[in-house]
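First up is the structure itself, then whatever we jot down about it.
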Amino acid sequence: MAVDRTTLLTMYRDMWTIRLFEDAMAAAYLEGKQPVFNIAAGPVPGEMHLAAGQEPVAVGVCAHLRREDAVAGTHRPHHFAIAKGMDLRRMAAEIFGKVTGLGRGKGGHMHLFDPETHFGCGGIVGAGIPHAVGAALAFKKQGRDNVAVAFFGDGAANQGAFHEGLNLAALWKLPVIFVVEDNAWAISVPKAKSTAIASNADRAAAYGIPGVYVGENDALAVYEAAGEAVARARRGEGPTLLEVKTDRYYGHFQGDPEVYRPKDEVPRLKANDPIDRLGRRILETGAGTQADLDAAREEARAKVDDAFRFARESPYPSPEEALMHVFAE
Amino acid sequence: MAVETRRLTMGKAIAEAIAQEMERDPRVFVMGEDVGVYGGIFGATQGLYEKFGPERVMDTPISETGFIGAALGAALEGMRPIAELMFVDFFGVAMDQIYNHIAKIHYMSGGGFKVPVVIMTAIGGGYSDAAQHSQCLYGLFAHVPGLKIVVPSNAYDAKGLMIQAIRDDNPVMYFFHKGLMGLGWMTPQPSAMSEVPEEPYTIPFGKADVKRPGRDVTVVSVAMGVHRAMEAAEVLARDGIEVEVLDLRTLVPLDRDAIVESVKRTHRLLVVDEDYLSYGMSGEVAATVAERALDYLDAPVRRIAVPDVPIPYSRPLEQFVLPSADKIVAAVREMLGE
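Quick note, the sequences are listed as chains Y and L, same order.
First residue of the first sequence: 710, per the numbering used here; consecutive thereafter.
First residue of the second sequence: 262, per the numbering used here; consecutive thereafter.
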């Protein structure tokens, strides 16, 4: 699949935005949590699941999406949200619990909801799969050529919601792309100990839909596989199941002692950094110069800095706001 | 000129409400198990498939997590789905979608997303269907913030409350008691049939209905309990005891004012509930009176509910645990010191 220069550089920039956002979040998260780690302390309390290393899945798929296409993310949602084009300021502010956040500070990092970018996610593994199916059902009923994407982990593929969602989407021929992020770990349990087959893409056969395994943490490989899946969905030919082998650089959550993971695993994964890989491709193919790459990276840095500044400077909601928004008026 | 009146069963009234809203609003559609050609196991969707076809009245696989979750996803993209959970007892296989997602997304999005989903479901026992097909459980859902809870007792209310539910921008759980639906294969409850206007109308949530005014004891209930209370009131009236029967109609929002006002007049409260006794509707109503009208009580609050046991199968066992007119009569007499 030919990829134009703008798409390549946009993907490269978005990967940097994700990486820099996650690294900045890792640092902000530690504020107030040292020397004694207390999950409730600091400007960013609560759980924190970061997606550094998993950028290719998000940008490779979302490069094919329009604003009106729906995305259901996971408990580790930042990379999807950024790739889908979410307002970075409102996203960061939500994670800092500020009133300027997407959910006015009521959702937090695992619960980013944005009608603007048709984005939702949540803290329950596998639960977003039926939501994407429902969004696709709406699109079909409305006669729109929009598509819905459900992102979820390899651990979620063992949930009932996965089976039910794929069956419904296949049965009703809905425009959904199911994307499994295989980062090898379901918290501490490796895929080999949780999943009866090596590739979840093979499970597509059970629903009579195409299943594609992308075995490399490579944005262009994802872009190519997703392009066919999205096009197929827009043509009204039904869902596709993709599984992408990807790498989780941080722990399952920040503060995870990672006693289950070999000490040399992360350095080994980082040697195959997907951002560098895309950068090299851009240079090799002549799609862009080093100056273009540097500019994209700087643009990403400026955007992340701005978002964090906005989040830190924004006010908290008034405590009484806790009582609002249970019901729509 | 004589005015033509129509009496409908609750099942027909619900189906008519849905049909009229589907005609009015192309965003409304129905999905669930056997809601199509069959018309719903309990008749709540009778005639809809013939009228609107399979695109808008969708039979689903036995897949509650899938289609209830899909109802949410469709609502977020501008549809107004009605999903039928065949028996409320089946909530266990789909509860995550209901209480973690449907109930919470409006709140967690800071009001950004609206979730206009109606989940309708069958409740109630009395016909020996045992512990996995006879529960009410509305108290369990009323406990979770973000869900409106509707429990009609008769055809007129059922239609108005269903139209209100479909037009509401929030998730609504609509519980219909099987014994009130007018099914040919169940013991009839003729008092659940009522005159139902043909034209669409709404009944606002949070407005209890005084089914019978009285000065001696307030009996608060919903669904089948309202009919049991009315039967008991008839019996007691022969002895000059005047029971006020209050039909809550919705548990969320709850018409606490109506409960308090009634108890301030009668000075006695009996709550009748086909749900389990502990931590449920009867406790909530009693707490409301304890908080706002304790000084008005002339007798301790009484509760008649399923005594914290699973619903048993055998007829004498089941009848022993369900509320009945006899139990209400006896309790009222005791409360009056008779």
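Glycine is no exception: its CB is placed at the ideal position from the N, C-alpha and C atoms.
Worksheet item: Which residues does DSSP pair with Val953/Y in a beta bridge?
Response: Counting from one through the first sequence, the residue named residue 953/Y turns up at place 244. According to DSSP, which records beta bridges pairwise, Val953/Y is partnered with Glu890/Y and Val923/Y.
Worksheet item: What residues match up with Lys409/L in a beta bridge as DSSP calls it?
Response: To locate residue 409/L, count along the second sequence from 1; it is residue 148. For Lys409/L, which the question treats as bridged, DSSP gives the partners Val433/L.
Worksheet item: When the Cβ atoms of the stretch 498 to 510 of chain L are set against those of the stretch 369 to 385 of chain L, are three or more pairs found closer than 8 Å?
Response: Contact between the stretch 498 to 510 of chain L and the stretch 369 to 385 of chain L is absent, because fewer than three Cβ pairs lie under 8 Å.
Fill in: Supposed close pair Pro1024/Y, Lys807/Y - CB separation, criterion 8 Å
Residue 1024/Y sits at position 315 when you count from the first residue of the first sequence. Residue 807/Y sits at position 98 when you count from the first residue of the first sequence. Right, their Cβ atoms sit about 7 Å apart.
Fill in: Residue-level contact to chain L via CB, Glu873/Y, 8 Å cutoff
As a first step, residue 873/Y is located in the first sequence; it is residue number 164 there, counting from the start. With 8 Å as the cut-off, Glu873/Y counts as an interface residue toward chain L.
Discussion item. Closer than 8 Å is the cut-off here; do at least three beta carbon pairs connect the stretch 322 to 338 of chain L with the stretch 1006 to 1014 of chain Y?
Written reply: No, the stretch 322 to 338 of chain L is not in contact with the stretch 1006 to 1014 of chain Y.
Discussion item. Between the alpha carbons of Glu952/Y and Tyr368/L, how many angstroms are there, rounded?
Written reply: Residue 952/Y sits at position 243 when you count from the first residue of the first sequence. Residue 368/L sits at position 107 when you count from the first residue of the second sequence. When rounded, the distance between both Cα atoms is 32 Å.
Discussion item. Strictly by DSSP, which residues pair up with Gly293/L?
Written reply: Counting from one through the second sequence, the residue named residue 293/L turns up at place 32. Bridge partners of Gly293/L according to DSSP: Asp320/L and Glu345/L.
Worksheet item: Which residue comes first and which comes last in the beta strand (DSSP E) that contains Glu505/L?
Response: The count along the second sequence starts at 1 and reaches residue 505/L at position 244. Counting along the chain, Glu505/L sits inside the beta strand (DSSP E) bounded by residues Val504 to Asp508.
Fill in: Complete runs of the beta strand (DSSP E) confined to the stretch 761 to 843 of chain Y [at least 3 residues]
As far as the stretch 761 to 843 of chain Y is concerned, its whole beta strand (DSSP E) runs of at least 3 residues are 779 to 781.
Worksheet item: Does DSSP put Pro899/Y in a helix, a strand or coil?
Response: Position 190 of the first sequence holds residue 899/Y. Here Pro899/Y sits in strand by DSSP.
Practice prompt. Give the secondary structure of Thr326/L by DSSP, where H, G and I count as helix, E and B as strand, and everything else as coil.
Written response: Indexing the second sequence from 1 puts residue 326/L at position 65. Three-state result, Thr326/L: helix.
Discussion item. Could you check whether the stretch 913 to 921 of chain Y touches the stretch 966 to 986 of chain Y, counting it as contact only if at least three pairs of C-beta atoms, one from each stretch, sit closer than 8 Å?
Written reply: Segments in contact, no.
Worksheet item: Taking one C-beta from the stretch 483 to 498 of chain L and one from the stretch 576 to 590 of chain L each time, how about it: are there three or more such pairs within less than 8 Å?
Response: Between the stretch 483 to 498 of chain L and the stretch 576 to 590 of chain L there are three or more inter-stretch CB-CB distances shorter than 8 Å, so the stretches are counted as touching.
Worksheet entry | C-beta contact flag for Leu558/L and Arg529/L at 8 Å | Taking the second sequence and counting its residues from 1, one reaches residue 558/L at position 297. Taking the second sequence and counting its residues from 1, one reaches residue 529/L at position 268. Yes; because the gap between Cβ atoms is below 8 Å, this pair is in contact.
Fill in: Beta-carbon separation (whole angstroms), Pro377/L vs Asp429/L, contact threshold 8 Å
Mapped onto the second sequence, residue 377/L falls at position 116. Mapped onto the second sequence, residue 429/L falls at position 168. Contact check for Pro377/L and Asp429/L: beta-carbon distance about 7 Å, within the 8 Å limit, so the pair qualifies.
Worksheet item: Are there 16 or more other CB atoms within 10 angstroms of the CB of Lys468/L, so buried, or fewer, so exposed?
Response: Taking the second sequence and counting its residues from 1, one reaches residue 468/L at position 207. Label assigned to Lys468/L: exposed.
Worksheet entry | Beta-carbon proximity list for Ala879/Y, same chain, < 7 Å, skipping 5 on both sides | For the purposes of this step, residue 879/Y is identified with residue 170 of the first sequence, where counting begins at 1. Only Tyr916, Gly917, Ile918, Gly947 and Pro948 meet the Cβ criterion.
Worksheet item: Mind checking if Leu950/Y is an interface residue toward chain L, Cβ cutoff 8 Å exclusive?
Response: In the first sequence, residue 950/Y corresponds to position 241, counting from 1. So, not an interface residue.
Worksheet entry | Chain-ordered neighbours of Gly407/L on chain Y, where CB pairs are closer than 8 Å | As a working mapping, residue 407/L is identified with position 146 in the second sequence. Val1035 and Phe1036, listed in chain order.
Practice prompt. Enumerate in chain order the residues of its own chain whose CB-to-CB distance from Tyr540/L is below 8 Å, with the five nearest sequence positions on each side excluded.
Written response: Position 279 of the second sequence holds residue 540/L. Shown here for Tyr540/L: same chain residues with a beta carbon closer than 8 Å to its own, the five before and five after excluded, namely Gly400 and His404 in chain order.
Item to complete: Determine the chain Y residues that contact Pro600/L at a beta-carbon separation under 8 Å, and present them in chain order.
Response: Residue 600/L lies beyond the residue range present for chain L, which begins at 262 and ends at 599; the question has no answer from this structure.
Discussion item. Quick check: Ile838/Y and Ala870/Y, are their CB atoms within less than 8 Å of each other?
Written reply: The residue you call residue 838/Y lines up with position 129 of the first sequence. The residue you call residue 870/Y lines up with position 161 of the first sequence. The Cβ-Cβ distance between Ile838/Y and Ala870/Y falls below 8 Å.
Worksheet item: If the cut is a Cβ gap below 9 Å, which residues of chain Y does Asn361/L touch?
Response: In the second sequence, residue 361/L corresponds to position 100, counting from 1. Gly831, Gly832, Ile833 and Ala836, listed in chain order.
Worksheet entry | Residues within the stretch 362 to 383 of chain L neighbouring chain Y, beta-carbon criterion of under 7 Å | For the stretch 362 to 383 of chain L, which is checked against every Cβ of chain Y, the residues closer than 7 Å are His362, Ile366, His367, Tyr368, Met369, Ser370, Gly371, Gly372, Gly373, Phe374 and Lys375.
Discussion item. Measuring alpha carbon to alpha carbon, tell me which residue in Leu538/L, Met356/L and Pro449/L is nearest Gly327/L.
Written reply: Locating residue 327/L in the second sequence gives position 66, where the first residue counts as 1. Ranking the options by Cα distance to Gly327/L, first place goes to Met356/L.
Practice prompt. Locate the alpha helix (DSSP H) running through Glu535/L, then write down its first and last residues.
Written response: The residue given as residue 535/L occupies position 274 in the second sequence. Note, Glu535/L: premise wrong, no alpha helix (DSSP H); beta strand (DSSP E) at Leu530 to Tyr537.
Item to complete: Helix, strand or coil for His367/L, going by three-state DSSP, please let me know.
Response: Mapped onto the second sequence, residue 367/L falls at position 106. His367/L falls in the helix class under three-state DSSP.
Worksheet entry | Cα-Cα separation, Arg476/L to Ser523/L | Here residue 476/L refers to the residue found at position 215 of the second sequence. Here residue 523/L refers to the residue found at position 262 of the second sequence. Their backbone Cα atoms lie some 9 Å apart in a straight line.
Worksheet item: Could one say the Cβ of Met340/L lies closer than 8 Å to chain A's Cβ atoms, at least one of them?
Response: Reference to chain A is not applicable here, since the protein chains of this structure are Y and L.
Fill in: Whole-angstrom distance between Tyr310/L and Met1033/Y, CA atom to CA atom
Counting from one through the first sequence, the residue named residue 1033/Y turns up at place 324. Counting from one through the second sequence, the residue named residue 310/L turns up at place 49. Straight-line Cα distance between these residues: approximately 39 Å.
Worksheet item: On the three-state DSSP scale, how would you describe Met423/L?
Response: In the second sequence, residue 423/L corresponds to position 162, counting from 1. It is helical.
Worksheet item: What are the start and end residues of each continuous beta strand (DSSP E) run of 3 or more residues lying completely inside the stretch 442 to 484 of chain L, in chain order?
Response: Counting whole runs of 3 or more residues, the stretch 442 to 484 of chain L contains the beta strand (DSSP E) stretches 470 to 473 and 478 to 482.
Practice prompt. Could you round the C-beta distance between Met381/L and Phe437/L to whole angstroms and report it? I think they count as a contact, below 8 Å.
Written response: Start at 1 with the first residue of the second sequence, and residue 381/L comes out as number 120. Start at 1 with the first residue of the second sequence, and residue 437/L comes out as number 176. Going by Cβ atoms, the distance from Met381/L to Phe437/L rounds to 7 Å, so yes, they are a contact pair.
Fill in: Lys979/Y at chain L interface by Cβ criterion, 8 Å
Here residue 979/Y refers to the residue found at position 270 of the first sequence. It does not; no Cβ of chain L falls within 8 Å.
Item to complete: Could you check how far apart the C-beta atoms of His784/Y and Ala767/Y are, in whole angstroms? I think they sit under 8 Å.
Response: One-based indexing of the first sequence puts residue 784/Y at position 75. One-based indexing of the first sequence puts residue 767/Y at position 58. Actually they are not in contact, since the Cβ atoms of His784/Y and Ala767/Y sit about 14 Å apart, beyond 8 Å.
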